[in-house]
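Structure first, commentary second.
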């Protein structure tokens, strides 16, 4: 068709919807209607947003569309203006209080955890280093071998790559660096500056099969692409100690502590939860393992494609995952749309 | 696509073709960095040592000596008490607000960058002024260097050299060296034809004419180039810290991600203070050169 482009289609479709909603105002509310999904500016959330969009459109007949977002602005806008309707991937650690307050006031609804394993943070080393030195499973063992992880600017010392400047994990890694007395063990804490810098340092080490030790987190494309092993910190997560010292900026006497599992959930506006119970039920069911997410993110990175192509590939590769999220009838509709 | 579709939608390459291009490009670069990365890293090793030496020099020299040194430099360049006092006061403020170490790290970076820009920029500028063909070939390259968003080349540089000072320095120099080259070229080209004819009449060789006439007369412009290079290098401080370069950029970056307004402002002002200090010194020097040569 000649005019099958967005610019020409928009006004026509809007007119059609206006007519239809005018005629069937009551039943439209019971159906899914127009849904806006926050497309966050990091890859795993982008993938989730496209998966949700596809399922809501083809499985539940929603008129779903993505809007750009970032954690704080999106949560604020959802709670104040009920827009967008869905935020597929919110890392609760950073915004727990805001969200709990809004849920209490009846402005937001928590659909459920999107990551079955939760967000995993820690200190990691490449798999090939572990293969060559099988004893390096704990931080303590690694700290005995600064020679395996030489700093690029001073080969006589080991390097612990820190989390990017200004991120919360930077001060945590900094505290753990002191807690485990890594300086004395012959290591320096290397500032990576930005996530791009951190990723680049891993990619570089991997291409040359060099040692690398540092902070990272999952699910991420990097961990999908590069096989890394998380080190055992030797202790479990102690929330009290975390609040007292490990997570604090001005902590003078840090002691060893483990990372908490990050809770990562899907949030919707309260009105969406009320008006579209079936779609909301889907969002509550929808959760995937980090292995799957890492794999898809790495696929996206390799293909240099965005969430749309990543989502298509996910539907093809992992029907065993997504068919469990929806009733059989809906799954059949989605299969037909693929 | 149906008939006539290409009238409305640009007939772009297919998704697969585009992907193949992107992938082969990336693959090629990865192969390149895998094969030559270590060799290239070794080439830059002396530069790294030079940088580290400079940084140690600035951070370990007692603060009073540093201030004294800069004040002397300012006096020699400008012979203006006002400037000297202004510089001493601003460095005192930087120290009082706890930004001394970061400022010294940034200063070491800027000084090394300026030295390298001179070493790279002068010969290229001279080459361009001598041959029109060189000028027309190099100009577009300079345009690319100045306008290409730095993130685009930052990541490949990190893949090749890792994070830290050297890749940061390379990114800064790519951005900061063009004015040096442009103004050297311009300065030499602006030297009066009559003066050159006089030099030729005395039987000056090319080298004599260049070092004895053209460069001295182009000095004010070359100094303007140095000045611009320093300013642009300072503008890159924050970007460079995104790949782990130490200095005033780190706290700024931290402030940006956490909305620490005061921290950002203080460190931003320290960068401004450095910029003003360098700017006034180089400009005053350039002006005094002009007075000597009576080219005002």
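Protein chains in written order, with this note's numbering: chain S, -9 to 328; chain W, 50 to 345.
Cβ coordinates follow ideal geometry from the N, Cα and C atoms, glycine included.
Contact check between the region 222 to 230 of chain S and the region 289 to 305 of chain S: fewer than three CB pairs, one atom from each, fall below 8 Å, which does not count as touching. When beta bridges are read from the DSSP output, residue 110 of chain S appears opposite S/208. Of all C-beta pairs linking the region 331 to 341 of chain W to the region 269 to 288 of chain W, three or more are shorter than 8 Å, placing the two stretches in contact. Restricting attention to alpha helix (DSSP H) runs no shorter than 4 residues, the region 186 to 228 of chain W encloses them at 199 to 210, ordered along the chain.
If you draw a straight line from the Cα of residue 166 of chain W to the Cα of residue 118 of chain W, it is about 22 Å long. Sequence-distant Cβ neighbours of residue 44 of chain S in its own chain, meaning closer than 6 Å and more than five residues away, are 301. DSSP places residue 146 of chain S in the uninterrupted beta strand (DSSP E) bounded by 144 to 151.
The continuous beta strand (DSSP E) containing residue 257 of chain S extends over residues 254 to 259. Cβ-Cβ distances below 7 Å link residue 319 of chain W to 143, 148, 152, 297 in the same chain, with the five nearest sequence neighbours on each side left out; the list follows chain order. With respect to chain W, the C-beta atom of residue 234 of chain S has no partner C-beta closer than 8 Å.
Excluding sequence positions up to five before and after residue 283 of chain S, its CB lies within less than 6 Å of the CB of 34, 209, all in the same chain and listed in chain order.
In the DSSP assignment, residue 64 of chain S falls outside any beta strand (DSSP E) and lies within the alpha helix (DSSP H) extending over 61 to 71. Sixteen is the threshold: since fewer than 16 other Cβ atoms of the shown chains lie within 10 Å of the Cβ of residue 87 of chain S, the residue is exposed. The beta carbon of residue 137 of chain W sits closer than 7 Å to the beta carbons of 116, 120 from its chain, once the five residues preceding and following it are set aside; these are given in chain order. The C-alpha of residue 101 of chain S lies about 27 Å from the C-alpha of residue 157 of chain S. Around the C-beta of residue 158 of chain W, 16 or more other C-beta atoms lie within 10 Å, and the residue is accordingly described as buried. Residue 173 of chain S is outside the set of residues whose beta carbon lies under 8 Å from a beta carbon in chain W.
Note on geometry: alpha-carbon atoms of residue 206 of chain S and residue 128 of chain W lie some 54 Å from one another. Excluding sequence positions up to five before and after residue 273 of chain S, its CB lies within less than 6 Å of the CB of 101, 256, all in the same chain and listed in chain order. Annotation for residue 220 of chain S: the continuous beta strand (DSSP E) segment containing it runs 218 to 220. By the neighbour-count criterion, in which a residue is buried when 16 or more other Cβ atoms sit within 10 angstroms of its Cβ, residue 189 of chain S is buried.
Contact between the region 189 to 205 of chain W and the region 219 to 234 of chain W is present, with at least three C-beta pairs closer than 8 Å. Bounds of the alpha helix (DSSP H) holding residue 267 of chain W are 264 to 284. Distance from the CA of residue 304 of chain S to the CA of residue 286 of chain S, rounded to the nearest whole angstrom, comes to 7 Å. Under the three-state reduction of DSSP, residue 101 of chain S is assigned to strand. Annotation: residue 177 of chain S to residue 88 of chain W spans about 25 Å, alpha carbon to alpha carbon.
Of all alpha-carbon atoms in S/37, S/173, S/154, S/155, the one lying nearest the alpha-carbon of residue 130 of chain S is that of S/173.
Identification of chain S residues near residue 97 of chain W by a Cβ-Cβ cut-off of 7 Å yields 143, ordered along the chain.
Under the DSSP assignment, residue 278 of chain S falls outside any beta strand (DSSP E); it carries neither an H nor an E label.
Contacts with chain W at 8 Å (Cβ-Cβ) include residue 193 of chain S.
Counting only residues of its own chain and dropping the five nearest sequence neighbours on each side, residue 237 of chain W has a CB closer than 6 Å to the CB of 178, 263, 267. For residue 187 of chain S, the residues of chain W that pass the 7 Å Cβ criterion are 207, 212, 291, 292, 293, in the order they occur in the chain.
For residue 156 of chain S, the C-beta contacts it makes with chain W under 8 Å involve 302, 303, 304, 305, 306, 307, in order along the chain. According to the DSSP assignment, residue 141 of chain W belongs to the alpha helix (DSSP H) that extends over 130 to 145. Under the three-pair Cβ rule at 8 Å, the region 195 to 205 of chain S does not count as touching the region 292 to 310 of chain W.
Residue contact with chain S for residue 86 of chain W: present (Cβ-Cβ distance below 8 Å to some residue of chain S).
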